[in-house]
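In what follows, a structure is listed as structure tokens, so that the remarks can point back to it.
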Amino acid sequence: MKIGKLKLPGNLVFAPMSGVTNLPLRLLCKKYGASLVYSEMISSEAIVRENPKSIALGKIVSQERPVGIQLMGCEPDTLQRSALILEKIYKPDIIDLNFGCPAQDVVRSGCGYALLNNAGIIREIIERLTGSMDVPVTAKMRVLDNPERTIEVAKTIEEAGASAVTVHGRTQKQGYSGKVNLEIIKAIKSAISIPVIANGDIRDEKIARHVLEYTQCDGLMIGRAAIGDPYIFHRISHYLKTGELLPQRTFDERMDDFFEYEKLCRNYDLLAFNDLKLKAQRFLKNRENIKCVRERLNGAVDIDSLMKIMEEEKRG
4 MKIGKLKLPG NLVFAPMSGV TNLPLRLLCK KYGASLVYSE MISSEAIVRE NPKSIALGKI
64 VSQERPVGIQ LMGCEPDTLQ RSALILEKIY KPDIIDLNFG CPAQDVVRSG CGYALLNNAG
124 IIREIIERLT GSMDVPVTAK MRVLDNPERT IEVAKTIEEA GASAVTVHGR TQKQGYSGKV
184 NLEIIKAIKS AISIPVIANG DIRDEKIARH VLEYTQCDGL MIGRAAIGDP YIFHRISHYL
244 KTGELLPQRT FDERMDDFFE YEKLCRNYDL LAFNDLKLKA QRFLKNRENI KCVRERLNGA
304 VDIDSLMKIM EEEKRG
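Read in order, the letters of the sequence shown correspond to residues 4 to 319 in the working numbering.
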């Protein structure tokens, strides 16, 4: 898949997820075959205010390239300035714009999903960025209740100069529940010529192939399914190429991945108790007696006690 001048080695993308898609997890997904990874959503206003924590969210290392930084905001000048700041510091391969975040606080501020109702602002934002940056600009959107309006927004994104668009086939009201609307994704793909990446509930190999074949999209974006199972990128890639289903990761293999994640967090000084606890629960998914294990994890009071529980689980 090609996005602007950037040629990717494949068509599987790791989704930007706020509070989730940190550098260590991106590196694991890249290790297992993600063709492109994105940072978590970063506030453009925070970047312009020079907030150190927000700027640090854009940190990139060479092993994860190609990599994109996703920005959230609704003011064209602020988005342009923040993108240029991050481009200068980190030199990302792509800048992505969030037009789909369904969180109420984001929508109330006029950003994320709210922008889908203001095509004029979307056009100005993209034109500002594409006119001032050397890297491709992409966008991630959700769908509106009205299919025609949704398609018009996608056309605006293309006309304004974006190099690709990712479509999560749910409305804001749906959040992450209900059925993904593949019909609208398919219609968008038919209506525009830039690459379209399908997103939403791509949980396994067969779903991945169905979504690609049905929508005729150029790529797939995988999010929640990869949080505790970054190996999913290898399984899907292998299946799309050969039609062969690889075995699921064994419990021991998933635990090895978790301990590698923890090590990467330490190496990059990104070890945080709440994050490690969240990731531990996801890597333990489908574990026998998972309820008991989660109760133990919920009782952990610090990183050392949490890691002790995980080490005991690995030993069985």
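Even glycine gets a Cβ: it sits at the ideal position worked out from N, Cα and C.
- Under a 10 Å Cβ-count criterion, Asp305 is classified as exposed, with fewer than 16 other Cβ atoms of the shown protein chains found around its own Cβ.
- In the structure shown, Leu281 falls within a helical segment according to DSSP collapsed to helix, strand and coil.
- Leaving aside the five residues that flank Glu263 on each side, the residues in its chain whose CB is nearer than 7 Å to its CB run, in chain order, Leu31.
- For Arg285, the closest alpha carbon among the candidates Leu267, Cys104, Asp260, Gly13 is that of Asp260.
- In the DSSP assignment, Thr169 falls within the unbroken beta strand (DSSP E) covering 167–171.
- Sorting Ile195, Lys317, Ser180 by C-alpha distance to the C-alpha of Gly203 places Ser180 at the top.
- By the Cβ rule, the stretch 114–121 counts as touching the stretch 59–78, because three or more pairs are nearer than 8 Å.
- For Tyr93, the enclosing alpha helix (DSSP H) stretches over residues 79–93.
- If you draw a straight line from the Cα of Leu249 to the Cα of Arg238, it is about 6 Å long.
- With at least 16 other beta carbons inside 10 angstroms of its own, Ala229 counts as buried.
- In the displayed model, Asp96 falls within coil according to three-state DSSP, outside both helix and strand.
- Setting aside the 5 residues that flank it on each side, Asp148 is surrounded in the same chain by Thr174, each with a C-beta closer than 7 Å to its C-beta; the list follows chain order.
- Within a 10 Å sphere around the beta-carbon of Gly302 sit fewer than 16 other beta-carbons, which makes this residue exposed.
- In the displayed model, Gly123 falls within a helix according to three-state DSSP.
- Excluding its 5 nearest sequence neighbours in each direction, Phe254 has C-beta neighbours in its own chain below 7 Å: Arg290, listed in chain order.
- Contact between Lys189 and Tyr217 holds, since their C-beta atoms are separated by about 6 Å, short of 8 Å.
- Beyond the five residues adjoining it in sequence on each side, Leu309 comes within less than 8 Å, by CB distance, of Phe276, Leu279, Lys280, Ala283, Leu300, Ala303 in the same chain, given in chain order.
- With respect to Ile200, Gly226 sits apart: the two C-beta atoms are not nearer than 8 Å.
- Beta bridge pairing from DSSP links Ala142 with Leu100, Val168.
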